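To start, the structure under review is shown below, and the notes come after it.
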Amino acid sequence: MRPLLICLSLGQLTACSTEPGPPGVLIITLDTWRADHLSAELAPNLHKLATTGLQFHNAWTPIGLTTPAHASLFTGLLPPQHGLRGNNHHGYHLAETHQTLAEQVKAQGWATAAFVSSYPAGPEGGLHQGFETSSAPDSGERPTAETVGLAQAWLGAQTGPWLLWAHVNDPHGPYAPDAADLAAVGGGDDDKARYRGEVHQADRLLGPLITEAQARGALIVITADHGEVHSEERCGWQHERSSSPVVLRVPLVIAGPGVPQGRRDGLVGLTDIAHTALTWAKLPPLPSAAQSLDLLAGEDPSRALWAAESGLCDPECTPGCNPTGFLGKDRVVYGAQGGLYVVRPGFGEYGERDLAPGLESYDLPLPPPGSPDGDQARALGYQDP
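Plus 4 on top of the position in the sequence shown (first one is 1) and you've got the working numbering.
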């Protein structure tokens, strides 16, 4: 909590004490930011923040697409539960019946605001439920500097408890970093160099916002919606069509009052973030809390994490994929011992060990008939459990 200094003067005697100020939570989501790009060279501000709190080295997104990944972050639900397996421009929208982190804190009197840099993170997908102040581009993306500036201005006006979500589209393609940021990471004219330059650029622009949140004693959560394939797969640079660990593994840093320092290696997911923030703020949990972890409380070494369904399935990227490009064809589970397992109806299972004993808890119902995902799923032979 933010410390406030209170002084009472009694004649010659002055007594001062500190009291906690209003709580605040800052959530920053970095679009397409790989987990292996959080070094001091590439992202000095985020790296420094990580040294003051917790850095999670085994954090996973539930899908490699912006709208459904954020829906999972704010509801604590997996894609089969909230029904989104595509972005808002694919026709997906979070149902109002799904309660979000913003709605929960708003009901407790908190001010809430969302400032995002791309259309898929905008209100058209239902992601802004509960945010009193909401700002997003009408299409495409807007510069990180503009989004961060709006977020800083809003935060500077807050005097009570607050929740602020800032989404930046760097380093999502196309890659066009400032020359100084490109030079800071070694220069170069290929996509990998420009990607690193955009990472550095986003980190530089986010620095003042992070500093302000720290001065206010806020809980700060920094993560990504998904990563990016560079040259690890035959289908090249992308994220929508892959279940690769470079897409599904994401950076996750949490810092603030009461947050221990160190490294965590246990399996965690974006679905744990809302529950963690509410627990830290001592507010009532979301309905999804039973399947989430409080990331500040410790690790669960026996946990198996239902990590993802792929996005736009492509047979060039994923063997066994249905060539229709069905959204959500691959079901991926990361085991407690680090194994990657992919389950495809009609194609069987493969992996390091048998998944059957651990799949029951992930056997979730399909979205209802009439929803874009539910109709496509049933047309391809999926059955309700």
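Where is the CB? At the ideal position from N, CA and C, for every residue including glycine.
For clarity, every value in this text was computed on a predicted model and none was experimentally measured.
- Secondary structure of tryptophan 114 (DSSP, three-state): coil.
- DSSP, reduced to helix, strand and coil, places serine 76 within a helical segment of the structure shown.
- At a Cβ-Cβ threshold of 7 Å, glycine 68 and valine 251 count as neighbours.
- Take the alpha-carbon of arginine 267 and the one of asparagine 49: they are about 17 Å apart.
- In the DSSP assignment, isoleucine 31 is bridged to Trp169 and Val225.
- Taking alanine 99 as reference, the option from Leu77, Val120 and Gln133 with the minimal CA-CA separation is Gln133.
- In this structure, the beta-carbon distance from glutamine 112 to leucine 287 falls below 7 Å.
- Here the alpha carbon of glycine 270 sits roughly 10 Å from the alpha carbon of leucine 299.
- Secondary structure of glutamate 45 (DSSP, three-state): coil.
- Residue range 277-284 is occupied by the alpha helix (DSSP H) that includes leucine 282.
- Following the DSSP letters along the chain, one finds leucine 154 inside the alpha helix (DSSP H) bounded by residues 148-160.
- If you look at glycine 201, you'll find it in the alpha helix (DSSP H) that goes 195-219.
- At the C-beta level, proline 291 and leucine 282 stay beyond 7 Å of one another.
- About 7 Å separates the beta carbons of alanine 285 and valine 29, which is inside the 8 Å limit, making them a contact pair.
- Beta-bridge analysis with DSSP links threonine 137 to Ala117.
- In the DSSP assignment, valine 272 is bridged to Ala63.
- For proline 124, the CB contacts under 8 Å within the same chain, skipping 5 residues up- and downstream, are Leu69, Thr70, Thr71, Asn91, Asn92 and His93 in chain order.
- By the 16-neighbour rule on beta-carbons within 10 angstroms, glutamate 232 is buried.
- Histidine 230 and lysine 110 have their C-alpha atoms roughly 27 Å apart.
- Looking at the backbone, the Cα of proline 255 and that of asparagine 173 are separated by about 15 Å.
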